[in-house]
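Numbering (the numbering used here), first residue to last: 3 to 473.
In this text, a Cβ means the ideal position worked out from N, Cα and C, and glycines have one as well.
Scroll down for the structure; my scribbles are underneath it.
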Amino acid sequence: MQKKTPLKAAALPFLLLFPALASAAEFDGGSLSPLWGVPFAGILLSIALFPLLAPAFWHHHYGKISVAWALAFLVPFAAVFGLPLAGAQFMHALVAEYIPFIILLTALFTVAGGIHIRGNLHGAPGLNTAILAIGAVLASFMGTTGASMLLIRPLIRANDNRLHKAHVIVFFIFIVSNAGGSLTPLGDPPLFLGFLKGVGFFWTVQHILPDTLFIVGVLLALFYAIDRNYYRKEGVLPFDPTPDTPRIGFDGAANFWLLGGVVALVLLSGFWKSPVVFDVFGTAVDLPGLVRDVGLLAIAAVSYKLTSPKVHADNQFEWGPMAEVAKLFAGIFLTIIPVIAMLKAGTQGPFGAIVSAVTRADGQPDPAMYFWATGLLSSFLDNAPTYLVFFNTAGGDPVALTTTYASTLAAISAGAVFMGANTYIGNAPNLMVKAIAESRGVRMPSFFGYMAWSCAILVPLFVLSTFLFFR
Numbered sequence: 003m004q005k006k007t008p009l010k011a012a013a014l015p016f017l018l019l020f021p022a023l024a025s026a027a028e029f030d031g032g033s034l035s036p037l038w039g040v041p042f043a044g045i046l047l048s049i050a051l052f053p054l055l056a057p058a059f060w061h062h063h064y065g066k067i068s069v070a071w072a073l074a075f076l077v078p079f080a081a082v083f084g085l086p087l088a089g090a091q092f093m094h095a096l097v098a099e100y101i102p103f104i105i106l107l108t109a110l111f112t113v114a115g116g117i118h119i120r121g122n123l124h125g126a127p128g129l130n131t132a133i134l135a136i137g138a139v140l141a142s143f144m145g146t147t148g149a150s151m152l153l154i155r156p157l158i159r160a161n162d163n164r165l166h167k168a169h170v171i172v173f174f175i176f177i178v179s180n181a182g183g184s185l186t187p188l189g190d191p192p193l194f195l196g197f198l199k200g201v202g203f204f205w206t207v208q209h210i211l212p213d214t215l216f217i218v219g220v221l222l223a224l225f226y227a228i229d230r231n232y233y234r235k236e237g238v239l240p241f242d243p244t245p246d247t248p249r250i251g252f253d254g255a256a257n258f259w260l261l262g263g264v265v266a267l268v269l270l271s272g273f274w275k276s277p278v279v280f281d282v283f284g285t286a287v288d289l290p291g292l293v294r295d296v297g298l299l300a301i302a303a304v305s306y307k308l309t310s311p312k313v314h315a316d317n318q319f320e321w322g323p324m325a326e327v328a329k330l331f332a333g334i335f336l337t338i339i340p341v342i343a344m345l346k347a348g349t350q351g352p353f354g355a356i357v358s359a360v361t362r363a364d365g366q367p368d369p370a371m372y373f374w375a376t377g378l379l380s381s382f383l384d385n386a387p388t389y390l391v392f393f394n395t396a397g398g399d400p401v402a403l404t405t406t407y408a409s410t411l412a413a414i415s416a417g418a419v420f421m422g423a424n425t426y427i428g429n430a431p432n433l434m435v436k437a438i439a440e441s442r443g444v445r446m447p448s449f450f451g452y453m454a455w456s457c458a459i460l461v462p463l464f465v466l467s468t469f470l471f472f473r
């Protein structure tokens with residue numbers, strides 16, 4: 003007999019409600035108490051604090067903690083507003099947002115995990131800077147997770163004969179795991195959520211390209227100067243742990259074609275308009291979105307099947323990181339439901355103070371405040387749900403936000419992506435890169451040691467960006 007997972011067990015009561023879901027109506031967030039936001043705050047604080055305060059407990063029980071917070075919202079909500087409405091909200095979050103989000107991440111994670119860069123590079127300042135620049139470009143097309151997983155191991159090998167290399171990994175997180183993913187919905191999860199909400203595929207590159215070039219350009223210049231200073235002082239170890247090879251090459255190169263397929267499917271779903279819409283238990287699913295998701299699952303399966311076990315072993319590929327993201331985001335996408343509803347209520351809703359703080363006296367949104375509010379929360383929480391919160395705070399209408407209030411959406415997008423680099427917990431690849439570096443013997447800064455780097459380097463850049471782009 004197959005054992006039920008915690009998430010399946012949590013979903014079971016709602017699966018019984020399918021016949022009633024189509025008739026369930028939206029609810030008014032303005033009538034809710036702010037206490038409905040406690041489960042959302044609870045799961046985000048759990049993600050932030052448990053890995054620091056109780057890492058062993060978190061490692062073994064994070065899925066159960068995610069389910070507990072989801073039930074802390076769903077059970078009282080069903081008791082107060084009825085099972086049909088609770089079931090409708092559950093299915094909408096699952097079908098319209100969570101499943102497409104996880105499918106894209108899974109496809110990028112699998113395809114990137116099937117590409118192994120073999121050979122030995124020598125980590126001089128110029129080469130290191132070039133790798134970071136290449137990673138910044140790749141991040142917007144294969145995701146910050148995909149680009150980070152592709153390049154972090156070759157970068158560590160290239161610098162394994164350096165005395166000081168933690169700064170290389172820190173800047174890698176700044177540039178490749180965060181800022182580089184700001185130009186397309188493929189780059190970072192917040193932008194893909196915006197794409198699912200109706201933001202055009204090329205909208206971000208049209209509106210925050212100057213911001214990205216400024217941030218990435220300055221970071222690359224600073225990195226080169228810092229790395230050159232270390233390199234001149236320390237030299238290199240007399241023995242290189244990685245033997246030289248005749249040339250650099252790729253194993254699993256067929257995955258580059260599959261990566262092109264991922265890009266094509268996402269583009270297709272954005273540009274293909276079809277009148278065919280399926281009603282999935284009360285949630286509308288259009289044909290282009292369905293084709294995209296099925297295609298992405300097929301690509302992930304083909305990639306995993308075609309990639310040799312040796313390539314996966316060389317990349318130390320395993321499903322643990324993806325499973326963690328899937329379990330945690332299941333709880334996040336459910337507990338954020340009442341928060342979004344309350345923010346949609348505007349200044350008259352329970353979170354009116356937050357809406358007022360990012361709104362000017364004339365009632366217009368303040369891009370600078372949106373940039374910092376989104377960014378600061380993205381630094382300590384996860385940038386994907388933070389983006390959703392402020393997307394809805396700004397009205398939640400993709401047509402208005404991409405035209406009349408384009409500067410506001412640009413500020414939200416930039417804040418979510420750029421400031422995810424402020425801490426290890428701001429974006430999923432940050433912790434993954436740190437863990438890989440430490441497993442390879444790199445002594446990474448502590449949580450607050452990393453923040454010392456980000457406060458000294460990133461925060462002044464964000465202040466300059468505010469005056470240059472979001473006034």
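- Message: Using C-beta distances below 8 Å, list every residue in its chain close to S25, excluding the 5 sequence neighbours before and after it, in chain order.
- Response: Any answer about S25 is weak, because its pLDDT of 41 lies below 50 and its placement is not dependable; what the coordinates show is given next. Taken in chain order, the residues that qualify are P86 and G284.
- Cα-Cα separation, V435 to N180: 12 Å
- Item | Contact between the stretch 145-156 and the stretch 110-118 (3+ Cβ pairs under 8 Å) | yes
- Item | Boundaries of the alpha helix (DSSP H) in which T285 is found, first to last residue | Note, T285: premise wrong, no alpha helix (DSSP H); beta strand (DSSP E) at T285 to D288.
- Give the DSSP bridge partners of R120, in chain order. G251
- Message: Considering Cα atoms alone, identify which of F273, D288 and N257 is closest to H314.
- Response: N257
- Query: Going by C-alpha distance, which of R155, Y226, L107 and I177 is nearest P192?
  - Reply: L107
- Neighbour-count burial assignment, E236, 16 or more Cβ in a 10 Å radius: exposed
- In the structure shown, what three-state DSSP assignment does L463 receive? helix
- Message: Under 8 Å: do the stretch 266-276 and the stretch 125-134 share three or more Cβ pairs, one atom per stretch?
- Response: no
- Where does the unbroken alpha helix (DSSP H) through D364 begin, and where does it stop? Looking at the DSSP string, D364 is not in any alpha helix (DSSP H), and its letter there is neither H nor E.
- Task: May I ask you to report which of helix, strand or coil DSSP gives D281?
- Result: strand
- Task: Tell me whether R155 sits in a helix, a strand or coil according to DSSP, three-state version.
- Result: helix
- With 16 other CB atoms within 10 Å as the buried threshold, where does L17 fall? Bear in mind that the predicted position of L17 carries a pLDDT of just 39, short of 50, making it unreliable; the figure below should be weighed with that in mind. L17 should be labelled exposed.
- Query: In chain order, which continuous runs of the alpha helix (DSSP H) of length 4 or greater are located wholly inside the stretch 34-105?
  - Reply: 40-55, 57-83 and 85-94
- Message: One question on the structure: do T376 and I414 come within less than 8 Å of each other, judged by their Cβ atoms?
- Response: yes
- Item | Contact under 8 Å by Cβ, A72 with F79 | no
- Task: State buried or exposed for F469, treating a residue as buried only when at least 16 other CB atoms are found within 10 Å of its CB.
- Result: exposed
- Query: Three or more beta-carbon pairs under 8 Å between the stretch 388-398 and the stretch 356-371, yes or no?
  - Reply: yes
- Backbone secondary structure at A408 - three-state DSSP: helix
- Message: At the level of alpha carbons, what is the spacing between Q4 and H61?
- Response: Any reading at Q4 is ruled out, since the residue's pLDDT is 43, under 50, leaving its predicted position unreliable.
- First and last residue of the alpha helix (DSSP H) that includes D316? P311 to D316
- What's the gap between the Cα of P431 and the Cα of V69? 23 Å
- Backbone secondary structure at T112 - three-state DSSP: helix
- Among the residues of its own chain, which have a CB less than 6 Å from the CB of F471, if the five just before and after it don't count? D213
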